[in-house]
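K.L.:
Protein chains: 2
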Amino acid sequence: MQYTFAERVTHMDSSAIRELLKVAEQPQIISFAGGLPAAELFPLEEIKESYYQVLSAKDPSVLQYGATEGYLPLRQEIAAQMGMKGIMTEAENILLTNGSQQGLDLLAKLFINPGDVVLLQNPSYLGAIQSFQSYQANFMTIPTNKAGIDENALEVLIKHNQPKIIYLTPTYQNPTGITFTTEERKAVLRIARNYRVPIIEDDPYSELCYDGQAASPIRSFSTDDEVIYLGTFSKTLAPGLRLGWIVGGKNLIAKLVIAKQGSDLHTGTLLQRATHYYLTHFSPTEHIEKIRHAYQCRRDLMLSELKKAFSNKALWTEPTGGMFIWLTLPEEYNTLKLLPKALATNVAYVPGTNFYVNEKSHNSMRLNFSNPSPAQIQQGIKLLAKIL
Amino acid sequence: MQYTFAERVTHMDSSAIRELLKVAEQPQIISFAGGLPAAELFPLEEIKESYYQVLSAKDPSVLQYGATEGYLPLRQEIAAQMGMKGIMTEAENILLTNGSQQGLDLLAKLFINPGDVVLLQNPSYLGAIQSFQSYQANFMTIPTNKAGIDENALEVLIKHNQPKIIYLTPTYQNPTGITFTTEERKAVLRIARNYRVPIIEDDPYSELCYDGQAASPIRSFSTDDEVIYLGTFSKTLAPGLRLGWIVGGKNLIAKLVIAKQGSDLHTGTLLQRATHYYLTHFSPTEHIEKIRHAYQCRRDLMLSELKKAFSNKALWTEPTGGMFIWLTLPEEYNTLKLLPKALATNVAYVPGTNFYVNEKSHNSMRLNFSNPSPAQIQQGIKLLAKIL
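Chains A and B supply the protein sequences, listed in that same order.
So the first sequence is numbered by UniProt numbering: it starts at 1 and just counts up by one.
So the second sequence is numbered by UniProt numbering: it starts at 1 and just counts up by one.
In structure tokens form, the structure reads like this:
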């Protein structure tokens, strides 16, 4: 049967990353393409024990329908953790979601009319672009100059175009690894507040800091819920659980609850109970320390391999945290066209062009250093240098 | 901060059921209001063992990102189970979702432009109404007469209004408990096919059959993917897991995958692996038999208590399966206005008016018999009779 879909479907593209991942999954390929954590570091034993204990307590409510907002003790625990990042909040300001991707989707559903403008970094997280596109948003991009964000240009742009939402990943951004300075955070907040534009602060990576602490989240400077914060357990615990959260004003949480009721009633009860057990009976901080150390070594290794192989032939970011390095080749290269050659040589990356809205770059690529092993990083960067 | 929401937010209402459940959760209240399975029947031990085994296999991929479509062996297992219901299908026709509520939301997102007409039963499942409303659908209702569906009126209505989607729960419907005959199923399919309108068949209850087998699903008669089928583990296993599936044509599944990528990337990997373990290592059929027996006793008891207490004073459905009885009082009663009195007497129900679109009924109520214990059913129906 031929279906007649809604207008918005014409704006919904398949994720190039995910299609790519299918090829890059073959065992002989060294993949810098995914955005995957290192599976060998997952706290399997602790998660097993958490599910076991929660399911041994003879409390069948762990398998019953639950409140749309989420399991109250977990929301309280998250509120306490937010406090340690400088975000003072309460359980009533928190909604549990199926990863922060669902947070993005619910916010896009609440805010975006077809044609509304979303202001974001260019390049930006592909999943966010997809979510906003599926509600038929238009995009404008944050103006930058040599010093970082161009504040004057940003103010003019917001004043003249009145975006509906500003979407930012200010800390160790996917795909570039770039981080906003504290001054830039405060500047964006000040301008957004003046023109009454809410900011969505997507913060999946701030625990993955390798050179001192991450800068404080923008929400920690906000006084009137101008900033809606998205958090996730995908990078600090495990992405296959699909658990994240939104921090926002109570009125916004009430609207999000209605949106989530219609979307999937609530996030899994057992999942929330087991995660709460893990957070309160094990040492998540120690676990994060372990990941941090491993990823820091991989980042250092990738940076030194890049220096050996690409010195004078390319530019790359030197991220102080996160999971990604952004490599820019000379103008004459096209990383999308080079990809089949790379895959044939058994190395994979994501062409930079996939992360752009509006004006695109054809000569950049995203390299992930959290998932490949140190040996793979050494070999993979050499392979990459060979084909370029 | 005052936010400016999207136009669709004005169409999104909070679920009266869920607000109600909060009051009805108090332990002294006998609640016929929820749509909850009996928690004491959940296979806690088997689910515990399933998670334990899956997490003991030293395979960290159970916690890693996964394919949006879902875990292939689970999709294969579901395809095989669909075959036993007369739906011949393959893993490639199946998308895993967070309960069938997410299936509804993804389908509404794909099909509904603001103002599009959804044709549905009146009354209908509240969660479906909410999902369609959030995409600004208009509603028309299936015409009925004494004999059931009025086929001629249905054909005229479809011809003149060209609905975008027909949404049906043909088996043991929520809220009424009513089931379409095989003739009605075939008639709706024939008319829908003639006018090229896809049907969403929501089928959460068909395993809960108490008087012989349920009629075959409409999808089992469809030859060209005219029927999109929604299944769930919420009633046969446990709703707190949040796991359901969509069966549809491969082209439709491809579109749904794109929509689900933007919504939450994929359904939990560990959840899918543990559910697959449960289905292939335990006896789900025996477990369903156990639920069926318990619910049948509760249905029989509620029907006999209604007969004792309401004979000649009310009408009610006598469902052959599912979880609900629909009670209709004489015209002069208003079940919404009576609810505070009922709650004060420690008994809860859902006023029928919540399940209606367009023309409403004020003198009906939905009674759930799966969650209350037999003793609560006896006492609760007596309390209900007293206040009426």
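Just so it is clear, CB atoms sit at the ideal spot from N, CA and C, and this is done for glycine as well.
(1) Measuring only between beta-carbons, confirm whether A:PHE113 sits less than 7 Å from chain B.
(2) Count the other C-beta atoms from every protein chain shown that fall within 10 angstroms of the C-beta of A:GLU7, then say buried if there are 16 or more, exposed otherwise.
(3) Given A:TYR356, which residues of its chain have a CB within under 7 Å of its CB, disregarding the five upstream and five downstream residues?
(4) Can the beta-carbon of B:GLN76 be found less than 7 Å from the beta-carbon of B:ALA57?
(5) Just the chain A side, please: which residues come within less than 9 Å of B:LYS255 by C-beta, in chain order?
(6) I'd like to know whether the C-beta atoms of A:PRO170 and A:LEU119 end up nearer to each other than 7 Å.
(7) Can you give me the start and stop residues for the beta strand (DSSP E) that A:TYR229 sits inside?
(8) Answer with yes or no whether the minimum CB distance from A:PHE42 to chain B is below 7 Å.
(9) Which same chain residues end up closer than 8 Å to A:VAL257 when comparing Cβ atoms and leaving out the 5 residues on each side of it in sequence?
(10) Rounded to a whole number of angstroms, what is the C-alpha to C-alpha distance between A:SER361 and B:SER263?
(11) Thinking C-beta only, is B:TYR349 closer than 7 Å to B:ALA137?
(12) Thinking just about the alpha-carbon of each residue, which of A:SER222, A:SER304, A:THR328 is nearest to the one in A:ILE200?
(13) Strictly below 7 Å CB to CB, what residues from chain B border A:GLY66?
(14) Cα-Cα, which of B:GLU49, B:MET1, B:THR4 is closest to B:TYR277?
(15) Apart from the five residues on each side of it in sequence, which residues of its chain come closer than 8 Å, Cβ to Cβ, to B:PRO143?
(16) Inspect the CB distances between the stretch 361-371 of chain B and the stretch 312-326 of chain B and report whether three or more fall short of 8 Å.
(17) Of all the residues that make up the stretch 192-208 of chain A, which are near chain B by a beta-carbon distance shorter than 9 Å?
(18) With respect to the alpha helix (DSSP H) encompassing B:VAL357, which residues constitute its N-terminal and C-terminal limits?
(19) Does DSSP put B:ILE166 in a helix, in a strand, or in coil?
(20) Which chain D residues sit within Cβ distance under 8 Å of A:ALA39?
(21) What are the boundary residues of the alpha helix (DSSP H) that includes B:GLY103?
(22) Just how far apart, CA to CA, sit A:THR89 and A:THR275?
(23) So, using beta-carbon positions, are B:TRP245 and B:GLY231 closer together than 7 Å?
(24) The alpha helix (DSSP H) spanning B:ASN312 covers which residue range?
(25) Distance, Cα to Cα, B:GLN272 vs A:ALA24?
(26) Is A:ASN161 close to chain B? Criterion is C-beta to C-beta, closer than 7 Å.
(27) Start and end of the beta strand (DSSP E) containing B:PHE132?
(28) Given a threshold of 16 other Cβ atoms within 10 Å of its Cβ, counted over all protein chains shown, does B:LEU252 qualify as buried or as exposed?
(29) Quick one: give me the first and last residue of the beta strand (DSSP E) that A:SER364 is part of.
(30) Mind checking if A:SER263 is an interface residue toward chain B, Cβ cutoff 7 Å exclusive?
(31) Step through the CB atoms of chain B and report whether any lies within less than 7 Å of the CB of A:GLU90.
(32) Along the chain, where does the beta strand (DSSP E) that runs through residue 439 of chain A open and close?
(33) Quick check on DSSP: helix, strand or coil for B:MET140?
(34) Our contact map puts A:ILE291 next to A:LEU189 with C-beta atoms below 8 Å; I'd like the distance itself, whole angstroms only.
(35) Mark B:SER304 as exposed unless 16 or more other C-beta atoms lie within 10 angstroms of its C-beta, in which case mark it buried.
(36) Label B:GLN26 either buried or exposed according to how many other C-beta atoms from any shown protein chain fall within 10 Å of its C-beta, with 16 as the threshold for buried.
P.N.:
According to the structure shown:
(1) By one-based count along the first sequence, residue 113 of chain A stands at place 113. As written in the sequence, residue 113 of chain A is Asn, which differs from the Phe given in the question. Yes, because at least one Cβ of chain B sits closer than 7 Å to the Cβ of A:ASN113.
(2) For this step, residue 7 of chain A is matched to residue 7 along the first sequence. Per the 10 Å Cβ criterion, exposed.
(3) Start at 1 with the first residue of the first sequence, and residue 356 of chain A comes out as number 356. These residues qualify, in order along the chain: ASN122, PRO123.
(4) Residue mapping note: residue 76 of chain B aligns to position 76 of the second sequence, counting from 1. Residue mapping note: residue 57 of chain B aligns to position 57 of the second sequence, counting from 1. It is not a contact, given that the beta carbons lie outside the stated cut-off.
(5) Working through the second sequence from its first residue, we reach residue 255 of chain B at position 255. Simply TYR3, PHE5, VAL9, MET12.
(6) Taking the first sequence and counting its residues from 1, the one referred to as residue 170 of chain A is at position 170. Taking the first sequence and counting its residues from 1, the one referred to as residue 119 of chain A is at position 119. Going by C-beta atoms, A:PRO170 is not nearer than 7 Å to A:LEU119.
(7) Mapped onto the first sequence, residue 229 of chain A falls at position 229. 227-232 is the span of the beta strand (DSSP E), which, as asked, contains A:TYR229.
(8) Along the first sequence, one-based indexing puts residue 42 of chain A at 42. Contact of A:PHE42 with chain B is assigned, a C-beta pair being separated by under 7 Å.
(9) Here residue 257 of chain A refers to the residue found at position 257 of the first sequence. Within the same chain, A:VAL257 has close Cβ partners THR68, GLU69, LEU95.
(10) Looking up residue 361 of chain A in the first sequence gives position 361. Looking up residue 263 of chain B in the second sequence gives position 263. Cα to Cα, the separation comes out at about 27 Å.
(11) Reading the second sequence from its first residue, position 137 is the one you call residue 137 of chain B. Reading the second sequence from its first residue, position 349 is the one you call residue 349 of chain B. Cβ distance not < 7 Å, so B:ALA137 and B:TYR349 don't count as in contact.
(12) If you number the first sequence from 1, residue 200 of chain A lands on position 200. Closest by C-alpha distance to A:ILE200, out of A:SER222, A:SER304, A:THR328, is A:SER222.
(13) As a working mapping, residue 66 of chain A is identified with position 66 in the first sequence. Neighbours of A:GLY66 on chain B, chain order: GLY240.
(14) For the purposes of this step, residue 277 of chain B is identified with residue 277 of the second sequence, where counting begins at 1. The shortest Cα separation from B:TYR277 among B:GLU49, B:MET1, B:THR4 belongs to B:GLU49.
(15) Numbered from 1 along the second sequence, position 143 holds the residue referred to as residue 143 of chain B. Only residues of its own chain outside the window of five on either side were considered, and among them ILE149, ASP150, ALA153, LEU154, LEU157 have a CB closer than 8 Å to the CB of B:PRO143, listed in chain order.
(16) In short, these stretches touch, since the Cβ pair count reaches three.
(17) Taking a C-beta cut-off of 9 Å against chain B, the contacting residues of the stretch 192-208 of chain A are ARG193, ARG196, PRO198, listed in chain order.
(18) As a first step, residue 357 of chain B is located in the second sequence; it is residue number 357 there, counting from the start. Note, B:VAL357: premise wrong, no alpha helix (DSSP H); not H, not E.
(19) On the second sequence, position 166 is the one that residue 166 of chain B refers to. DSSP places B:ILE166 in strand when its eight states are reduced to three.
(20) Of the chains in the structure shown, none is chain D; the protein chains are A and B.
(21) Mapped onto the second sequence, residue 103 of chain B falls at position 103. Note, B:GLY103: alpha helix (DSSP H), 99-111.
(22) By 1-based counting over the first sequence, the position of residue 89 of chain A is 89. By 1-based counting over the first sequence, the position of residue 275 of chain A is 275. If you take the alpha carbons of A:THR89 and A:THR275, they lie about 20 Å apart.
(23) Position 245 of the second sequence, counted from the start, is the residue given in the question as residue 245 of chain B. Position 231 of the second sequence, counted from the start, is the residue given in the question as residue 231 of chain B. Their beta carbons are under 7 Å apart, which means B:TRP245 touches B:GLY231 by this criterion.
(24) The residue given as residue 312 of chain B occupies position 312 in the second sequence. No alpha helix (DSSP H) holds B:ASN312; DSSP gives it neither H nor E.
(25) Position 272 of the second sequence, counting from 1, holds the residue named residue 272 of chain B. Position 24 of the first sequence, counting from 1, holds the residue named residue 24 of chain A. B:GLN272 and A:ALA24: Cα-Cα distance of roughly 23 Å.
(26) Here residue 161 of chain A corresponds to residue number 161 of the first sequence, with the count starting at 1. So, not an interface residue.
(27) As a working note, residue 132 of chain B is residue 132 in the second sequence. Segment 126-134 is the alpha helix (DSSP H) holding B:PHE132; no beta strand (DSSP E) there.
(28) Translated into positions along the second sequence, residue 252 of chain B becomes position 252. Buried, since its Cβ has 16 or more Cβ neighbours within 10 Å.
(29) Taking the first residue of the first sequence as position 1, residue 364 of chain A is located at position 364. It spans 364-368 - the beta strand (DSSP E) in which A:SER364 sits, taken as one unbroken run.
(30) In the first sequence, residue 263 of chain A corresponds to position 263, counting from 1. Yes, A:SER263 lies at the interface with chain B (some Cβ there is under 7 Å from its Cβ).
(31) As a first step, residue 90 of chain A is located in the first sequence; it is residue number 90 there, counting from the start. No - not a single Cβ of chain B is within 7 Å of the one on A:GLU90.
(32) An answer regarding residue 439 of chain A cannot be provided, because it is not within the stretch 1 to 388 covered by chain A.
(33) Within the second sequence, the letter at position 140 stands for residue 140 of chain B. Three-state result, B:MET140: strand.
(34) Residue 291 of chain A sits at position 291 when you count from the first residue of the first sequence. Residue 189 of chain A sits at position 189 when you count from the first residue of the first sequence. Rounded, the Cβ-Cβ distance is 29 Å, inconsistent with contact.
(35) Stepping through the second sequence from its first residue, residue 304 of chain B is reached at position 304. It is exposed - the Cβ of B:SER304 has fewer than 16 other Cβ atoms within 10 Å.
(36) The residue given as residue 26 of chain B occupies position 26 in the second sequence. Answer is exposed; the Cβ neighbour count stays below 16.
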